[in-house]
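Student: Residue numbers (UniProt numbering): 1 to 199.
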Ligand code: CDP
Ligand code: CDP
């Protein structure tokens, strides 16, 4: 069975949490595409290397670095994510992952619009900037005002870039998780998938 669930949305909206949970529930493979951009951002900065070249030769070790979850890595990711040659280098891998046999969930910014416009289910997960920044702050700590500013700056950059900007696909279902628990958000996503699975 080929069945793709595309999960897009701004930073800390709950995309990864929902994607992991529904992938486990339905036995689908899961790809966190943000990790690809985080690795390109962090590795190209660390080696002062051309981000497009790094994107073309990403290794499993690059993707397993333990510093990819930091705020700085998110910032580095969104800086290299505006470069068309970086995005182009990552397309084929994501597309084949999306259409692999057995079902796949991909979360990111452009899955429903660019990577897999034919996805069977498209979710656009949002929450207020304050709620998202608070969630990220619970994970990374530090100065709460700085976390909010960082989240806002990254959303701005992601929404306003020329190539594959962050926006809901015309046929995406919006899921605002501001006032939802994780369990509620996952249940809504799962219901949507269940309704669209081939019988
Ligand atoms: O992948 P993305 O950056 O969109 O968000 P995440 O890493 O899945 O979620 C950020 C944090 O928000 C996690 O710690 C979740 O437990 C929490 N959270 C959520 O994902 N959904 C809710 N409805 C409430 C909280
Ligand atoms: O988890 P969070 O939502 O904070 O970020 P992420 O999904 O790990 O993505 C980090 C950055 O990579 C984003 O802010 C985007 O600039 C970029 N990204 C992208 O451009 N396209 C994707 N499909 C995934 C991430």
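Just so it is clear, CB atoms sit at the ideal spot from N, CA and C, and this is done for glycine as well.
Would you decide whether residue 84 is buried or exposed? Buried here means 16 or more other CB atoms lie within 10 Å of its CB.
Tutor: Exposed is the call here.
Student: Taking the continuous beta strand (DSSP E) assigned at residue 32, which residues delimit it?
Tutor: Taken as a continuous stretch (DSSP letters only), the beta strand (DSSP E) holding residue 32 covers 29-32.
Student: Counting only the same chain and skipping the five closest in sequence on each side, list residues whose C-beta sits under 8 Å from that of residue 22.
Tutor: Closer than 8 Å at Cβ, skipping near neighbours: 5, 28, 105, 186, 189, 190 and 193.
Student: What three-state label does DSSP hand residue 124 in the structure shown?
Tutor: Strand, per DSSP.
Student: Under 7 Å Cβ to Cβ from residue 89, same chain only, skipping five residues before and after it: list those, please.
Tutor: 52, 55 and 56.
Student: Tell me whether residue 196 is buried or exposed, calling it buried when 16 or more other Cβ atoms sit within 10 Å of its Cβ.
Tutor: Answer is exposed; the Cβ neighbour count stays below 16.
Student: Can we count residue 32 as close to ligand 1, meaning its CB is less than 8 Å from some heavy atom?
Tutor: True, at least one ligand heavy atom lies under 8 Å from that Cβ.
Student: Using only CA atoms, which one of 115, 38, 71 and 76 lies nearest to residue 139?
Tutor: Of the listed residues, the one whose Cα sits closest to residue 139 is 71.
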